[in-house]
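Let me begin by presenting the structure, written as structure tokens, before commenting on it.
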Ligand code: IMP
Ligand code: MG
């Protein structure tokens with residue numbers, strides 16, 4: 106499996122600038138709680154928050170993952186929870202990919218039950234053609250075709266997270 110570039114780090118930077126401006130417009134005076142979903146969002150989260158020049162707090166939550174395959178198992182649970190209260194906070198969730206939508210739907214429902222003042226979603230990449238449950242994405246980096254993505258924090262079987270560009274995996278030809 107060989108990674109091919111889908112979006113370069115330059116294109117990612119342009120998207121980050123746009124997202125940061127949109128988020129600043131909505132959250133500048135709200136001291137939001139920005140929650141990244143581990144592990145896939147950690148690079149995106151780190152780049153995004155450094156472009157947000159206003160007070161905010163950072164948290165991470167870890168959900169059960171794909172394991173070694175390329176398809177979600179459908180059973181999602183919180184593996185590592187939050188270390189601060191969500192009640193009354195303006196919460197912005199940061200996710201790497203929305204695919205079928207099951208993972209993010211689970212998390213948004215989980216957080217909504219904790220009674221935040223507001224709850225919105227920022228996503229780096231969206232695969233709308235794969236959706237099984239409807240998801241509202243408030244801030245979106247890229248809409249992408251049905252390809253398996255790696256790099257820029259995103260893995261396949263824990264590999265490729267360190268690649269600086271957003272890539273997709275292509276089978277190597279056998280010739
Ligand atoms: P969903 O529940 O099907 O929407 O899957 C979302 C989660 O699956 C994301 O948080 C990713 O961690 C993972 N995922 C979905 N598509 C990909 C991909 O193309 N590459 C790597 N991980 C993916
Ligand atoms: Mg993920």
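Residue numbers (our numbering): 106 to 280. Note that beta-carbon positions come from the ideal geometry of N, C-alpha and C, so glycine has one too.
Next item on the list: Verify the contact flag: residue 255, CB atom, against every heavy atom of the ligand IMP, threshold strictly below 7 Å.
Entry: Taking the chain shown and counting its residues from 1, one reaches residue 255 at position 150. For the ligand IMP, at least one heavy atom lies less than 7 Å from the Cβ of residue 255.
Notebook entry, point to check: If you count every other CB in all the chains shown that lies within 10 Å of the CB of residue 150, and 16 or more means buried, which is it?
Noted result: As a position in the chain shown, residue 150 is number 45, starting the count at 1. Buried, because 16 or more other Cβ atoms sit within 10 Å of the Cβ of residue 150.
Notebook entry, point to check: Among 181, 124, 141 and 193, which has the Cα closest to the Cα of residue 206?
Noted result: Locating residue 206 in the chain shown gives position 101, where the first residue counts as 1. It is 181 whose Cα lies nearest to the Cα of residue 206.
Check: Taking 7 Å as the cut-off, does the CB of residue 259 come closer than this to any heavy atom belonging to the ligand IMP?
Finding: By one-based count along the chain shown, residue 259 stands at place 154. At least one heavy atom of the ligand IMP is nearer than 7 Å to the Cβ of residue 259, so yes.
Next item on the list: For residue 154, I'd like the list of residues in its chain whose CB is within less than 8 Å of its CB, leaving aside the five on either flank, ordered along the chain.
Entry: Indexing the chain shown from 1 puts residue 154 at position 49. Within the same chain, residue 154 has close Cβ partners 139, 161 and 163.
Notebook entry, point to check: Taking one C-beta from the stretch 232-242 and one from the stretch 124-133 each time, how about it: are there three or more such pairs within less than 8 Å?
Noted result: no
Notebook entry, point to check: How long is the line joining the alpha carbons of residue 107 and residue 253, rounded to whole angstroms?
Noted result: As a position in the chain shown, residue 107 is number 2, starting the count at 1. As a position in the chain shown, residue 253 is number 148, starting the count at 1. The straight-line gap from Cα to Cα measures roughly 11 Å.
Note to self: Let's see if you can read the secondary structure: which residues bound the beta strand (DSSP E) around residue 182?
What the structure shows: Within the chain shown, the letter at position 77 stands for residue 182. From DSSP, residue 182 is part of no beta strand (DSSP E); its letter is neither H nor E.
Note to self: So within the stretch 220-248, which uninterrupted beta strand (DSSP E) runs reach at least 3 residues, ignoring any that extend past its ends?
What the structure shows: 223-231 and 244-248
Item checked: Other residues of its chain near residue 147: CB distance less than 6 Å, five sequence neighbours each side excluded -> On the chain shown, position 42 is the one that residue 147 refers to. Result list for residue 147: 258, in chain order.
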